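Structure first, commentary second.
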Amino acid sequence: MSVSAAAIEALMQEHRTFAPSEDFVRSARVRDNSLYEQAEQDAEQFWAEQARHYISWATDFDQVLEWKLPFAKWFLGGRLNVSYNCLDRHVQAGRGDKVAFFWEGEPGDSRVITYQELLDEVCRTANALKQIGVRKGDRVALYLPMIPELVVSMLACARIGAVHCVVFAGFSAEALVDRITDSGATLLVTADEAWRRGKKVPLKQNADRALVDVKHEVKMLVVRRTGGEVEWRQELDSWYHELVPQQPPLCDPELMDSEDLLFTLYTSGTTAKPKGIKHTTAGYLLQAMYTHDLVFDIQPDTVYWCSADCGWVTGHTYIVYGPLGNGVTSVMYEGAPDFPEQDRLWSIVEKHRVSVLYTAPTAIRAFMKWGDQFPGRHDLSSIRLLGSVGEPINPEAWMWYRDKIGAGVAPVVDTWWQTETGGIMVAPLPGLLPLKPGSATRPLPGIFADVVDEAGKSVAPGQGGYVVLTRPWPGMLRGIWGDDDRYRETYWSRYPGCYFAGDGARRDEDGYFWFMGRVDDVMNVSGHRLSTAELESALVSHPAVAEAAVVPREDALTGQAIIAYVTLRSGFRERAELAEELRAHVGSQIGAIAKPRSVAFTPDLPKTRSGKIMRRLLRDIADDRKLGDTTTLADPEIVKELQARAHEERYSSE
Ligand code: WTA
């Protein structure tokens, strides 16, 4: 595990800086260093003040932090309800008519939902969940497209103290089996079908298939989205449109302890088994609201749009809990950015006069590729601030985003964080910090991060190393569902007392962080985390495959592309059709995003004498680089063979 020297050098050549415009600074939420100073002086006091500022407590907390490494508890003794904080209090303050969501469906339908309407619908749904038998502490899996019912279901769970586990609707039935089984969810909320690029994705059918392999009984609540045909289990399935509207629009919010579980969200680790990351009530909500408010410089008239999917943590924190906690008006979009045309996002920005847009570098690079004419067709003058998340943003994409979407003046806030951190950790306060294209700048006030070498020593300015977080923070994960050992081992064993993020970064003379991607066996494809182990285990589950190794190849569009090296069992022939079949197999095991870009057959994999696959060499081959040290190889011939083959047409490509 070492951070790529090439990446360090490439980034070091970037010296442009962009101070915020006078115009921006005039109304900026943060204009001086006082938050940094307060947090530096007394971090616990700082967080206590933020917690009382952002959260409406039913019972105030009496202890800020209990830190029994690696388990943190924040705001002990406090009681609150997250849905109350996201809905009721805004309505009670007279803002019931404020729009919570401008929702745009992919086929062109749309809905406008006020805070009052959202509150009513959440209460009805909460009552429906209770009627189905869901109780406080029960897990509810949500497998839904980006329709308002997804947000409603999340908040309905929060209202009654049930734990939601959102599963990205692009995942396959098999991925759903693992997550429902591991979480022990007793209800699955899904839809008949989802829209994707004008086609219908059979969610209920996937769910039916998944439940065959789940050992415990799981009921279903089904939203009708497309009206497509579905199979029905009379005893166990209910239609959302039949059950929810008949419920009363009032439901008392369950009072939760600060440390009660709010949700789990599965993310890829370095083994084949996904990790159920646990987030609790108060600390997570605070991190979501505080970071959303200040990083996106929220104003009373902000129209905010995070284009992520609620299936990922970005959607949890920056579509649901941050914006609703802050009482902001958001846009929510159901579909693909190129449907029906490649200007869909820009037409929505124009329609709703969006002022803050938060998206991913992969999307930005796709927009660049599609061409300037698409944003050029629309009036984007409402844009005031732009955000980026999910992977390192290359300076070219950063500049394009600022110039073409932000009229050459909008600050671009690059935000570094993880499913595990709950919310943004490293990002600029845009009215204060000068920006550098490609840098997420500095840890936010109250967040303490460092870049260290192998031995755990802080690196000198300009040097690269491993990212660690040196103190607990309110939104931090509280563990992995059902696996405390793995939690300890993955995040807390490498450097004593520090959280190991698994990312490499360089820190420059100004203390700015330049993130360089993962240092472990986790890939980042279009901003989605995929584990090599998970992909490899999907490949070897195919009867033709004896062994597989998966490595990332650098890709201009998706950041990384998945390259699979496969050794076949005897009796199977290396054929293009089989490569295609294997790609499809991975797609069905995990989901379409996990399909390898190419599958290369090899008589053997390069291994050390102790039998460890040398992925580093495969990465070099995939990227067509000069090979590193091959002396530890058991059979050096294999590498030569693979290099020769790389030039042949044995690959199937998308
Ligand atoms: C990467 C997404 C560089 C990083 C919020 C991290 C980034 C992983 C950035 C977490 C960024 C996220 N710059 N890399 N601004 N944001 N990453 O859990 O490798 O889906 O560890 O959370 O994405 O991905 P996750």
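For the sequence shown, my numbering begins at 23 and goes up steadily by one.
Beta carbons: idealized from backbone N, C-alpha and C, even for Gly.
Please read these numbers as outputs of a predicted model, since none were measured by experiment.
The continuous beta strand (DSSP E) containing S410 extends over residues 407-411. Residue side-chain check: H550 places its Cβ nearer than 8 angstroms to a non-hydrogen atom of ligand 1. Remark: the C-beta of E363 is outside contact range of ligand 1, defined as less than 8 angstroms to any heavy atom. When DSSP states are grouped into helix, strand and coil, A432 belongs to the coil group.
Taking 8 angstroms as the cut-off, one finds at least one heavy atom of ligand 1 near enough to the beta carbon of V335. Counting only residues of its own chain and dropping the five nearest sequence neighbours on each side, D84 has a CB closer than 6 angstroms to the CB of G99. Nearest in C-alpha terms to W261, of all of W217, T212, G398, is T212.
Residue pairing for L379: DSSP places it in a beta bridge opposite W327, L408. Within the DSSP bridge table, the entry for R101 names T81, D279 as partners. Distances taken from the Cβ of R528 to the heavy atoms of ligand 1 include none shorter than 8 angstroms.
Counting C-beta atoms within 10 angstroms of its own C-beta, Q114 has fewer than 16 neighbours from the protein chains shown and is therefore classed as exposed.
Looking at the DSSP output, P574 sits in a beta bridge with I584.
Not one heavy atom of ligand 1 lies closer than 8 angstroms to the C-beta of G398.
Secondary structure within the segment 505-547: the alpha helix (DSSP H) runs of 4 or more consecutive residues, fully enclosed, are 506-514 (chain order). When the five nearest sequence neighbours on each side are left out, the beta carbons in the same chain lying within less than 7 angstroms of the beta carbon of T580 are those of T384, V547, S548, in order along the chain.
Taking 9 angstroms as the cut-off, the Cβ atoms of P483 and G526 do not count as close.
For T136, the shortest separation between its Cβ and any heavy atom of ligand 1 does not lie below 8 angstroms.
By the neighbour-count criterion, in which a residue is buried when 16 or more other Cβ atoms sit within 10 angstroms of its Cβ, V489 is buried. Judged by DSSP in its simplified three-state form, V342 adopts helix.
Residue burial annotation: H75 is exposed, with fewer than 16 other C-beta atoms found within 10 angstroms of its C-beta. Residue range 185-188 is occupied by the beta strand (DSSP E) that includes H186. M311 is not bridged by DSSP to any residue. Excluding the 5 residues flanking it on each side, R516 has same chain C-beta neighbours closer than 7 angstroms at F522, in chain order.
K373 carries a helical assignment under DSSP once its states are collapsed to helix, strand and coil. Between the C-alpha atoms of A148 and Q440 there is a straight-line separation of about 29 angstroms.
Of the candidates E476, P42, R493, T492, E476 places its Cα closest to the Cα of Q485. Shortest Cα-Cα distance from G183 to any of Q309, A94, E253, F285 involves F285. Scanning the segment 103-155 for uninterrupted alpha helix (DSSP H) segments of 4 residues or longer gives 137-154, listed from N- to C-terminal end. For I169, no alpha helix (DSSP H) run applies, since DSSP gives it neither H nor E. For I415, the distance from the CB to the nearest heavy atom of ligand 1 is below 8 angstroms. Residue side-chain check: D331 keeps its Cβ at 8 angstroms or more from all non-hydrogen atoms of ligand 1. Rounded to the nearest whole angstrom, the C-alpha separation of S352 and A310 is 15 angstroms. Taking E281 as the centre and dropping the five residues before and after it, the same chain places the C-beta of K95, T302 closer than 6 angstroms to its C-beta, in chain order. With a cutoff of 8 angstroms, T437 counts as near ligand 1, since its C-beta is closer than that to a heavy atom of the ligand. Here DSSP, grouped into helix, strand and coil, assigns H37 to coil. About 6 angstroms separates the CB atoms of N107 and S78; that is less than 8 angstroms, so the two are in contact.
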